[in-house]
Amino acid sequence: MFRYKESDMSVAYAPSDSIRPSHRGIHAPGCAGCAHVSACQAGGYGRDELSGMRSIVERAGLLRDGEYLYRPRSPFRSLYAVQSGMAKTVSVDSAGREMVLAFHLPGELFGLDAICLGYHDNAVISLGRTQFCRFPFEALRCLANREPEVQWHLINTMSRQIHHQSLSSGDYPAEERMAAFLVDLVDRRASLGLATDHLPLPMSRADIGNHLRLATETVSRLFARFRDAGFVRIERHVVHLNDLRGLREVARHVLER
């Protein structure tokens, strides 16, 4: 677990839009010219029945590593998707303890949990240089009223997110949780049309441990164990998958529950 300094708490809970003026969105004319459009198309946005979503999307700016897309108590105005890079969603309790709830890949939509509250009760932080797109919720709501397929897309997105988050819960051995985490990332990348022979992991070992409820040292030992077993090859922030089948077998009880 991580703790914010007391002096940081007023910043962490500032009720602001949290995107600096230089990062404010500009309308994207559809998705023409976007180098990362293939990930969104694989995620479903390329279908004709979802073309309306492409017409309302805005660019939310390029954020550097550690910058906030939004913070706790920020007003809810939009849903977001990673265009390129990665991001993490974190919750912060009243004592300043941080919990990593999710990691977001290119093309994945997030922010739906704020709909019922009218504000975000967690934060989204960039992992490395990350570009975001946003879907203004009022425009999206009007679109969903006209296009039932958009409603289904949002429901399906929420269902997938609940499933992904459930993989980090449960009292499974550390090795199985870690393997399931890696396999889940591979499967999500496959569904988005991204390369599956390697995993970019811009997050820290501490972030992974926080998400899986493991000590940072345990995460490092498990990476070494998977490497020695021939499952993976590790180069800085990239994990190359040498034996996905073997890794999937380790994670079987978590993935098939």
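Each residue of the sequence shown is one higher than the one before, counting from -16 in this note's numbering.
The beta carbon of each residue, even a glycine, is placed where N, CA and C say it ideally should be.
Keep in mind that this is a model prediction, so the values were computed, not measured.
Taking all protein chains shown into account, decide if A207 is buried (16 or more other Cβ within 10 angstroms of its Cβ) or exposed.
-> One-based indexing of the sequence shown puts residue 207 at position 224. That one is exposed.
Complete runs of the alpha helix (DSSP H) confined to the segment 174 to 238 [at least 4 residues] = Runs found: 188 to 195, 199 to 211, 227 to 233, 235 to 238.
For E159, which three-state DSSP category applies?
-> Translated into positions along the sequence shown, residue 159 becomes position 176. Reduced to three states, the DSSP call for E159 is helix.
According to the Cβ coordinates, are D165 and L182 closer than 8 Å?
-> Along the sequence shown, one-based indexing puts residue 165 at 182. Along the sequence shown, one-based indexing puts residue 182 at 199. According to the sequence provided, residue 165 is Leu. The question's Asp does not apply to it. Yes, the pair counts as a contact, with Cβ atoms nearer than the cut-off.
H87 by DSSP, collapsed to three states: which one?
-> Walking along the sequence shown from the start, residue 87 turns up at place 104. DSSP places H87 in strand when its eight states are reduced to three.
DSSP-derived helix/strand/coil call for F(-15) | Residue numbering aside, residue -15 sits at position 2 when the sequence shown is read from its first letter. Caution applies to F(-15), whose pLDDT of 37 falls short of 50 and renders its modelled position unreliable; the model cannot decide the point.
Taking DSSP as the reference, what is the three-state secondary structure of V65?
-> Counting from 1 along the sequence shown, the entry for residue 65 is found at position 82. Here V65 sits in strand by DSSP.
Decide if the segment 154 to 168 is in contact with the segment 37 to 55; the criterion is three or more beta carbon pairs, one per stretch, under 8 Å apart.
-> Cβ pair count under 8 Å is below three, so no.
What first and last residue would you give for the alpha helix (DSSP H) that runs through E121?
-> Position 138 of the sequence shown, counted from the first residue, corresponds to residue 121. Taken as a continuous stretch (DSSP letters only), the alpha helix (DSSP H) holding E121 covers 120 to 129.
Would you mind sorting P185 into buried or exposed? The rule is 16 or more other CB atoms within 10 Å of its CB.
-> As a working mapping, residue 185 is identified with position 202 in the sequence shown. Under this definition P185 is a buried residue.
Contacts around A97, its chain only, beta-carbon distance under 8 Å, and the 5 residues preceding and following it disregarded = One-based indexing of the sequence shown puts residue 97 at position 114. Same-chain partners within the cutoff: F59, H103, D104.
Should V107 go down as buried or exposed, given a rule of 16 or more other Cβ atoms within 10 Å for buried?
-> On the sequence shown, position 124 is the one that residue 107 refers to. Buried, because 16 or more other Cβ atoms sit within 10 Å of the Cβ of V107.
Taking all protein chains shown into account, decide if V237 is buried (16 or more other Cβ within 10 angstroms of its Cβ) or exposed.
-> Position 254 of the sequence shown, counted from the start, is the residue given in the question as residue 237. By the neighbour-count rule (16 or more Cβ atoms within 10 Å), V237 is buried.
Return yes when the Cβ of G90 is within less than 8 Å of the Cβ of L224, no when it is not.
-> To locate residue 224, count along the sequence shown from 1; it is residue 241. To locate residue 90, count along the sequence shown from 1; it is residue 107. In this structure, L224 keeps its C-beta atom at 8 Å or more from the C-beta atom of G90.
What does DSSP give as the partner residues of A70 in its beta bridges?
-> For this step, residue 70 is matched to residue 87 along the sequence shown. Note: A70 is bridge-paired with H87, S109 in the DSSP secondary-structure output.
Pair every Cβ in the segment 39 to 51 with every Cβ in the segment 118 to 127, then say whether three or more of these pairs are closer than 8 Å.
-> Proximity of the segment 39 to 51 to the segment 118 to 127 meets the contact definition, three or more beta-carbon pairs being nearer than 8 Å.
Please state whether DSSP places L100 in a helix, a strand or coil.
-> Within the sequence shown, residue 100 is the residue found at index 117, counting from 1. Residue state, collapsed to three classes: coil.
Helix or strand or just coil, what does DSSP make of R284?
-> Absent from the model: residue 284. The displayed extent of the chain is -16 to 240, so no value can be given.
Between the segment 64 to 84 and the segment 110 to 123, do at least 3 Cβ pairs fall closer than 8 Å?
-> With a cut-off of 8 Å, the segment 110 to 123 and the segment 64 to 84 count as touching, because enough Cβ pairs lie within range.
Could you work out which residue in F93, V202, L88, G213 is closest to L227 when comparing CA atoms only?
-> As a first step, residue 227 is located in the sequence shown; it is residue number 244 there, counting from the start. Considering only alpha carbons, the answer is G213.
Cβ separation of L100 and L137, assumed to be a contact under 8 Å, to the nearest whole Å | The residue you call residue 100 lines up with position 117 of the sequence shown. The residue you call residue 137 lines up with position 154 of the sequence shown. A Cβ-Cβ distance of about 16 Å is found for the pair L100 and L137, leaving them out of contact under the 8 Å criterion.
What are the start and end residues of the beta strand (DSSP E) that includes L52?
-> Here residue 52 refers to the residue found at position 69 when the sequence shown is read from its first residue. That run of the beta strand (DSSP E) goes 51 to 53.
In angstroms with no decimal places, state the Cα-to-Cα distance between A11 and T140.
-> Residue mapping note: residue 11 aligns to position 28 of the sequence shown, counting from 1. Residue mapping note: residue 140 aligns to position 157 of the sequence shown, counting from 1. Confidence in A11 is poor, its pLDDT being 46 and thus under 50, which makes the residue's placement unreliable; the coordinate value appears in the next sentence. Their Cα atoms are separated by approximately 22 Å.
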